[in-house]
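Right under this line is the structure:
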């Protein structure tokens, strides 16, 4: 006789796989939510030109995204110094300068700062590695931090991994998000299993978590568990191959794709909402008062773009998406160069700018038909 699927958190063990729980069998349709206005967290690209940060392009892109979010009434948070911002290549000085420059230009928006194990070496995990970046980030106002994984942290068994997160949390004084991801982004990374997720979700300093997976629907597992158990913990999708899922579920997105498709995602979030959602607006000229089925074509359009941006290389890695994102932003006229951080080796082959111009054709066409403003930006591709 098949063993009953686990539905009580008390029955979870550190080695329990998702497949042994009922949360791995919940359909997306059963979790659909047309009422909740969830935030969009855009993982900012740090653009480069001539080997140095392109601060003018950095600010131009942020203003473009703020305008789109304001138009559609979407709550927008900016993720600084995460993977899209080359956190693994940043010096402490550049890490601080990114936040200082952003705050000087944009005093009001929420920022989420990535923190990782600066200077980590050897095989023994040390929570102190996270403290330098935590101290820098927490010196700013209206900030959250995202605890990004590191090789030594990820290598721990579930119980010691939980203890390590809790030790990191001792130095945290602002709301924090934990972050799990898979090998498509970092070769040694592994997602959380249900016991570890439940343990982290119960910690008072962890207000949510980001799950970045491209090959398995872990975001659905997280959403099903948190909703079923009533956890005060917000799953944030980092799945750039499945952006529409978070919109359909009324849950936050925390994605690098937000940088290249922000107006499209904001429009889709608006079209998905029913007329009873708080603050619902219909700026696209539809003139109706309920859910708009054209959102499905918009889902397809921006996903076709991001599938190209995040395409896997011959090693199964999507890490070069940063190069592709720069190519999209250059095509849109927001930045001047497709350069990436000079110490980052995640490069696409020659011709990426032309390939991204081709990938933009369908979303540009759909944006025109739906009357989505500022895609392309007025200064960019037409």
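Numbering (my numbering), first residue to last: 3 to 384.
Cβ coordinates follow ideal geometry from the N, Cα and C atoms, glycine included.
By the neighbour-count definition (other C-beta atoms within 10 Å, threshold 16), residue 367 is an exposed residue. DSSP places residue 146 in the uninterrupted beta strand (DSSP E) bounded by 145-149.
Boundaries of the beta strand (DSSP E) harbouring residue 239: 236-239, taken from the DSSP string.
Distance from the CA atom of residue 318 to the CA atom of residue 186, rounded to whole angstroms, is 6 Å.
Between residue 228 and residue 235, the beta carbon gap of about 6 Å places them in contact (Cβ cut-off 8 Å).
Between the alpha carbons of residue 32 and residue 134 lies a gap of roughly 43 Å. Beta-bridge analysis with DSSP links residue 23 to 8. Minimum Cα-Cα distance from residue 226 among the listed residues 304, 253 and 205 corresponds to 253. Apart from the 5 residues on each side of it in sequence, residue 166 sits with its Cβ closer than 8 Å to the Cβ of 127, 129, 155 and 158 in its chain, given in chain order. When 93, 255, 200 and 301 are compared, the shortest CA-CA separation from residue 16 is found for 200. Closest in C-alpha terms to residue 272, from the list 45, 258, 249 and 259, comes 249.
Contact between residue 379 and residue 347 fails: their C-beta atoms lie close to 30 Å from each other, not under 8 Å. With a threshold of 16 other beta carbon atoms within 10 Å, residue 305 meets it and is buried. Listed in chain order, the non-local C-beta contacts of residue 140 below 8 Å within the same chain comprise 147, 174, 175 and 176, local neighbours out to five positions each way being set aside. For residue 115, there is no enclosing alpha helix (DSSP H); the enclosing beta strand (DSSP E) covers residues 112-117. Judged by their CB atoms, residue 55 and residue 328 are not nearer to each other than the 9 Å cut-off. Contact between residue 144 and residue 113 holds, since their C-beta atoms are separated by about 7 Å, short of 8 Å.
DSSP places residue 80 in the uninterrupted beta strand (DSSP E) bounded by 78-82. Within the model, the alpha-carbon separation for residue 218 versus residue 355 is close to 30 Å.
Excluding its 5 nearest sequence neighbours in each direction, residue 11 has C-beta neighbours in its own chain below 7 Å: 200 and 231, listed in chain order. When only Cα atoms are considered, residue 70 and residue 259 end up about 15 Å apart.
Taking 9 Å as the cut-off, the beta carbon of residue 178 is found no closer than this to the beta carbon of residue 152. By the 16-neighbour rule on beta-carbons within 10 angstroms, residue 116 is buried. According to the DSSP assignment, residue 104 belongs to the alpha helix (DSSP H) that extends over 94-107. For residue 343, there is no enclosing beta strand (DSSP E), as DSSP gives it neither H nor E. Boundaries of the alpha helix (DSSP H) harbouring residue 297: 297-311, taken from the DSSP string.
A contact is defined here as three or more CB-CB pairs under 8 Å, and the region 208-217 meets this definition with respect to the region 237-248. Here residue 46 is near residue 104, since their CB atoms are less than 9 Å apart. CA-to-CA, the gap between residue 369 and residue 321 works out to about 28 Å.
Assignment of residue 213 by DSSP, reduced to helix, strand and coil, places it in the strand class. If you look at residue 200, you'll find it isn't in any beta strand (DSSP E); it sits in the alpha helix (DSSP H) that goes 196-203.
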